[in-house]
Amino acid sequence: MTGEKADKKENAALIAVVLSKGKPYDETLDGVPVVGEEDYSDDSDSDNSDSDSDAHSEDGGKDKNHCRGEVVLLVASRTSLTIHKRIKLNKFASFCPRVAIHPPTYVNKIILGGSCAKKSRDAMVLLNVRTGKIIHTFKCLEKYCPTIKSEITSLEASPAIDTIATGNSKGVVHLVNIRYDKLLFSLKHEPKSGKKAVRITSMSFRTDGSALKYGIAPLAVGRSDGTITVWDLSPPDEDDDDDDDDGINSRADKIVGRTILCEMERVHYPGGVCKLQYMPQEPLLISTGTRSNSLLMHIFDSPDHSGRILRQRRGHTAPPKCIRYLHPGAGAGGGVLANMGDGTDARACQILSGGSADRTLRKFSTVRSVLDKEFSQGKGLEKKAKELGMLSKAQLLLPPVTAMTTSEMRSRDWGDMVSIHQNHAFAYVWSSKNGAQSGPVLRQDGWNVSVMKKQPPNSAHATSITISTCGNYALVGTKGGVIYKYNIQSGMTREELRSAKLTLACHNGYAVTGVAVDNVNRTVISVGADAKLILWSFLTHAPHKNSPSMLPAPATKLCHVKDSDLAAIALDDYSTVLFDCSTLTIVRRFGFGSKSCRHTGPISDLGFSPDGRTLYSSSLDGTIRVWDVPTNSCVDWLCFDTPPSSLTVSPTGEFLATTHTGKLGISLWSDRSFYQTVHVDGTLTLSEPSRMDDPAPIAEVENIEKEDHEEEFKGPAKAREEGLITLSGLPPGHWKNLFHLELVKQRNKPKEAPKKPPSAPFFLQWRPGDQSNNPEPTALNESKKDDKPSSKRQKVSIYRSQLASLLEECSKSYENSFLPVTEYVGTLGPSAIDVSLSTLCNGMHDLEEGLSLLILASRWLIEACQSRERFDAINAYLHRFLYLHANILSGIDEISSNRKENIEDSASATEDVAEQVLRENQQRNELGLCIAQLKKAQRGGAELLQEEMQNTLCLLRHFSRMV
């Protein structure tokens with residue numbers, strides 16, 4: 001394991017896993033040692049030789065190779081989970097374990113709780129995990145109601161040493177002293193309704209100082225009906241000091257002084273309580289549910305010791321089927337094109353979720369979980385459900401949501417959301433600000449609200465919904481083909497959208513599967529199961545003169561883009577058409593052709609990106625396809641383990657939220673095109689889908705392999721003809737920040753001067769034999785001190801980056817090409833590029849080696865400019881190169897003349913120095929020629945680009961005058 005010593009396992013946890021009704025295991029399969037099969041007559045307690053020995057022999061004689069329980073010890077570290085040992089309970093074959101705990105101060109021992117199969121009652125044993133032997137079998141629980149069949153379902157260690165709490169399947173909690181095998185007292189829980197007994201699922205003891213201050217000892221008990229009961233375990237007022245068994249048994253039925261402090265009913269319904277845990281030294285209780293999909297934090301700060309919910313995380317208890325962003329972008333039917341640069345607040349990060357069998361409508365925030373909430377459907381529903389004898393308020397809620405739409409135009413005046421429900425004719429108005437149902441119920445005048453009266457016909461059940469652009473009206477499509485128009489503020493009905501004269505221009509007898517309104521409140525678009533698309537006048541409610549338009553197949557979904565007046569329609573043949581409502585023609589058809597380019601199951605939902613250029617379609621075949629509207633091509637194909645039931649695109653277009661069949665959560669996916677270059681030219685053909693795994697925590701491993709479906713960057717686009725200019729395709733921050741590095745450095749400059757480090761400790765680390773830090777003076781050292789200094793200057797080693805070595809390698813190669821240099825610099829960040837270029841030559845004192853590197857860098861830039869590839873990045877590199885070495889390049893002639901005069905005046909000049917000066921002059925001349933060639937190559941490419949840009953601007957100016 002990483003970070004561990006040889007033959008030792010540090011920072012690892014030993015986990016005991018209890019298995020019930022285990023099958024015979026062959027120990028030769030994986031080589032894991034199996035213990036616990038030898039005779040343990042020497043180590044076991046003397047109490048085991050009474051009644052239990054007979055049970056062991058009888059059960060063991062029936063099937064020697066079968067046991068009802070097994071304990072597996074696991075060793076868990078940060079990087080691995082391995083099986084350490086298996087403990088088989090063959091010697092106590094009738095014992096079926098359920099739960100286990102490790103009592104404090106009991107080394108290498110755990111307590112197993114369960115039931116005895118022969119006697120069908122509570123059973124508890126003490127097991128030594130080191131030797132694999134049962135040390136003791138507890139008998140104190142046999143004296144409590146021996147005729148009742150039960151099993152231990154929960155164990156919890158108390159703050160008091162040698163004392164634990166046991167809970168069984170009949171709702172009884174026993175406090176047991178495991179040192180003396182004695183039952184202290186019992187607490188019984190009666191069911192609120194029904195004859196079925198409640199099961200104890202979890203317990204926890206409170207240990208904070210405030211409980212001791214008030215003289216209480218709280219114990220929280222979780223039950224299978226979702227209720228949490230908090231008991232006060234303080235001793236009775238009249239304490240009996242008798243220690244005999246009869247006295248203990250007589251006190252077991254007394255609960256005087258051990259009263260219920262509070263009872264929180266059905267906080268985790270349905271499914272019951274899964275786990276309770278008091279925070280150490282805090283009056284806080286954490287509780288989770290088995291099927292309630294909730295995590296609650298209760299605080300006990302009131303004078304009567306009752307608890308209240310401090311924080312909570314709740315979700316759907318059944319899979320949701322309809323999700324929408326609260327304020328969608330223009331492409332998703334909203335009125336505002338939102339992004340992170342125009343002041344979009346956190347409200348654009350909230351997702352509405354409904355359609356679940358739990359009948360709730362919830363709002364989830366992708367930024368802060370504190371903003372999650374459930375929309376209220378009325379006051380006092382829980383109290384009314386109790387009065388009517390219902391298990392929960394779910395039976396009083398509205399049916400599951402089938403569709404919903406939002407509009408923020410009049411959100412300050414009245415509700416901004418309207419929903420329709422399963423097999424329901426009414427539409428309901430909600431307020432996202434208040435988080436509750438707000439406003440009137442949208443219904444016709446003759447429809448009764450009370451369920452006790454005659455209900456609207458099935459043909460009036462709502463199937464589609466939309467809100468007008470002005471935010472004043474709601475249009476509801478029905479199963480019978482009629483479209484009703486309501487005023488959201490008053491709830492009053494307006495005229496119906498159906499043609500009495502033109503029988504073709506209506507959806508009579510067929511469900512209206514989609515309805516939308518254009519961005520100027522002039523036209524209403526509707527599609528139905530009769531394969532018709534009808535345009536209606538919003539003002540006169542009459543159909544368009546050219547309506548209806550026949551679709552290739554019956555429509556199932558509709559998604560309208562208001563800016564471009566395009567409508568995406570999902571058809572019954574698993575394809576999607578894009579209809580232009582202005583020209584009344586089908587302009588695109590997606591998913592119609594070969595099997596690899598279409599869905600093979602019904603389309604469950606549609607969604608547009610905010611700019612309207614990308615269409616998302618989800619299908620029950622377990623895939624989501626991403627279509628590029630301009631090129632009419634599938635640019636992405638996603639495959640999931642479970643079919644997606646709904647999708648929605650964020651207002652910024654960065655995220656895609658999906659729900660899946662059989663899953664309670666909402667999955668959030670990120671669009672790679674926002675941080676990675678994605679080329680969309682219509683030529684990409686997808687042969688197989690990308691397998692999308694469920695979101696999971698990232699493992700703490702050092703080497704994380706890349707996903708198979710993740711494509712690697714293939715470099716910049718190649719020019720189709722020689723002489724054309726191409727761009728690098730790199731992120732703009734890679735080369736744009738090179739022009740502003742000085743500003744970044746000034747901004748990141750420390751505000752305070754560096755402080756003096758603290759003094760070194762008195763005891764410094766010293767190793768024998770290592771005296772390099774303080775060498776002793778020797779005769780050789782003393783003789784060197786007396787010598788005169790040499791006339792030659794000592795050569796100082798200067799740091800060179802990898803760019804310098806790469807330039808030298810490319811200059812010596814056979815091809816003499818600097819393309820690897822360009823590719824290497826493209827992988828660096830702005831700061832790394834600055835360091836690599838600046839260390840080529842560190843100043844005037846570094847001309848002996850740095851001058852040759854400047855020449856190589858100039859040759860590299862000349863070659864890159866002449867190739868006219870990566871034009872944006874190469875010009876940024878050139879700008880940074882000239883900025884860093886401007887002083888050296890401008891002062892070459894002056895340095896050369898000064899050096900020549902100094903050598904002529906010096907009488908001690910040697911031939912080596914003269915040759916060095918001659919070599920430096922040749923390098924300076926070569927550098928000057930390279931700079932001239934670099935100027936010519938850069939100017940040629942810049943003039944060509946400027947000419948093409950000017951030509952394009954002239955054409956745009958000409959065409960703009962023609963409009």
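If you read the sequence shown in full-length UniProt numbering, its first letter stands for residue 1, the second for the next number, and so on.
Think of the CB as a built atom: it goes at the ideal place given N, C-alpha and C, for glycine as much as any other residue.
{"query": "In chain order, what residues of the same chain lie with their CB nearer than 6 Å to the CB of residue 508, ignoring the 5 residues before and after it?", "result": "481"}
{"query": "For residue 565, which residues of its own chain have a beta-carbon under 8 Å away from its beta-carbon, when the five flanking residues on both sides are left out?", "result": "518, 519, 580, 581, 582"}
{"query": "Count the C-beta pairs between the stretch 825-833 and the stretch 728-735 that are closer than 8 Å, then say yes if the count reaches three, no if not.", "result": "yes"}
{"query": "Could you pull out every residue in the same chain whose Cβ sits closer than 6 Å to the Cβ of residue 625, ignoring the five residues on either side in sequence?", "result": "617, 634, 637"}
{"query": "Within its chain, find whatever has a CB closer than 6 Å to the CB of residue 680; leave out the 5 residues flanking it on each side and keep chain order.", "result": "628, 635"}
{"query": "As an exercise, report each continuous beta strand (DSSP E) stretch of at least 3 residues that is fully enclosed by the stretch 165-203, in chain order.", "result": "172-177, 182-188"}
{"query": "Please return the same chain residues whose Cβ sits closer than 7 Å to the Cβ of residue 689, not counting the five positions on each side in sequence.", "result": "623, 637, 638, 639"}
{"query": "Entirely within the stretch 808-873 and at least 4 residues each: give me those alpha helix (DSSP H) ranges in chain order.", "result": "819-826, 830-838, 847-867"}
{"query": "Figure out for me which residue from 611, 292, 840, 560 has the closest Cα to the Cα of residue 854.", "result": "840"}
{"query": "May I have the straight-line CA-CA distance separating residue 536 from residue 497, to the nearest angstrom?", "result": "7 Å"}
{"query": "Please classify residue 463 as buried or exposed, where buried requires at least 16 other C-beta atoms within 10 Å of its C-beta.", "result": "buried"}
{"query": "So, for residue 560: in the same chain, excluding its five sequence neighbours on each side, which residues have a beta-carbon less than 7 Å away from its beta-carbon?", "result": "333, 516, 525, 567"}
{"query": "Could you give the uninterrupted runs of the beta strand (DSSP E) lying entirely in the stretch 401-488, keeping only those of 3 residues or more?", "result": "401-406, 417-421, 427-431, 436-442, 462-467, 473-478, 483-487"}
{"query": "Tell me whether residue 70 is buried or exposed, calling it buried when 16 or more other Cβ atoms sit within 10 Å of its Cβ.", "result": "buried"}
{"query": "Provide the residue(s) that pair with residue 363 in DSSP beta bridges, ordered along the chain.", "result": "352, 373"}
{"query": "Name the one or two DSSP bridge partners that residue 798 has.", "result": "In the DSSP output, where bridge partners are listed per residue, residue 798 has none listed."}
{"query": "Buried or exposed: which applies to residue 225, given that a residue is buried once 16 or more other Cβ atoms fall within 10 Å of its Cβ?", "result": "buried"}
{"query": "Taking all protein chains shown into account, do 16 or more other C-beta atoms lie within 10 angstroms of the C-beta of residue 179, making it buried, or fewer, making it exposed?", "result": "exposed"}
{"query": "In three-state terms, what does DSSP make of residue 917?", "result": "helix"}
{"query": "Please determine, among 363, 207, 941, 587, the residue with the shortest C-alpha to C-alpha distance to residue 861.", "result": "941"}
{"query": "Suppose you measure from the CA of residue 140 to the CA of residue 16; what does that come to, to the nearest Å?", "result": "25 Å"}
{"query": "Please classify residue 954 as buried or exposed, where buried requires at least 16 neighbouring CB atoms within 10 angstroms.", "result": "exposed"}
{"query": "Determine whether the beta carbon atoms of residue 97 and residue 114 lie at a separation below 8 Å.", "result": "yes"}
{"query": "Could you tell me whether the Cβ atoms of residue 923 and residue 851 are closer together than 8 Å?", "result": "yes"}
{"query": "Please check the pair residue 202 and residue 273, which I expect to be a contact at CB under 8 Å, by giving their CB distance rounded to whole angstroms.", "result": "6 Å"}
{"query": "From residue 11 to residue 84, what distance separates their C-alpha atoms?", "result": "16 Å"}
{"query": "Need the endpoints of the beta strand (DSSP E) that residue 732 sits in, please.", "result": "Run containing residue 732: none in the beta strand (DSSP E); it sits in the alpha helix (DSSP H), 732-736."}
{"query": "With DSSP collapsed to three states, give me the class of residue 762.", "result": "Confidence at residue 762 is low in this model, with a pLDDT of 46, below 50, so its placement is unreliable and no value can be given for it."}
{"query": "Quick check: the Cα distance between residue 691 and residue 117, rounded to an integer number of angstroms?", "result": "47 Å"}
{"query": "Just confirm the distance between the C-beta atoms of residue 383 and residue 375, as a whole number of angstroms; I'd bet it's less than 8 Å.", "result": "Rounded, the Cβ-Cβ distance is 19 Å, inconsistent with contact."}
{"query": "Taking all protein chains shown into account, decide if residue 187 is buried (16 or more other Cβ within 10 angstroms of its Cβ) or exposed.", "result": "buried"}
{"query": "Just to confirm, are residue 18 and residue 123 a CB contact at a threshold of 8 Å?", "result": "no"}
{"query": "What's the gap between the Cα of residue 873 and the Cα of residue 752?", "result": "36 Å"}
{"query": "When burial is assigned at 16 or more other CB atoms within 10 Å of the CB, is residue 964 buried or exposed?", "result": "This structure gives no information on residue 964, because the portion of the chain shown stretches from 1 to 963."}
{"query": "Can you give me the start and stop residues for the alpha helix (DSSP H) that residue 607 sits inside?", "result": "First-last for residue 607: 603-608, but that is the beta strand (DSSP E), not the alpha helix (DSSP H)."}
{"query": "What's the call for residue 754, buried or exposed, on a 16-neighbour Cβ count within 10 Å?", "result": "exposed"}
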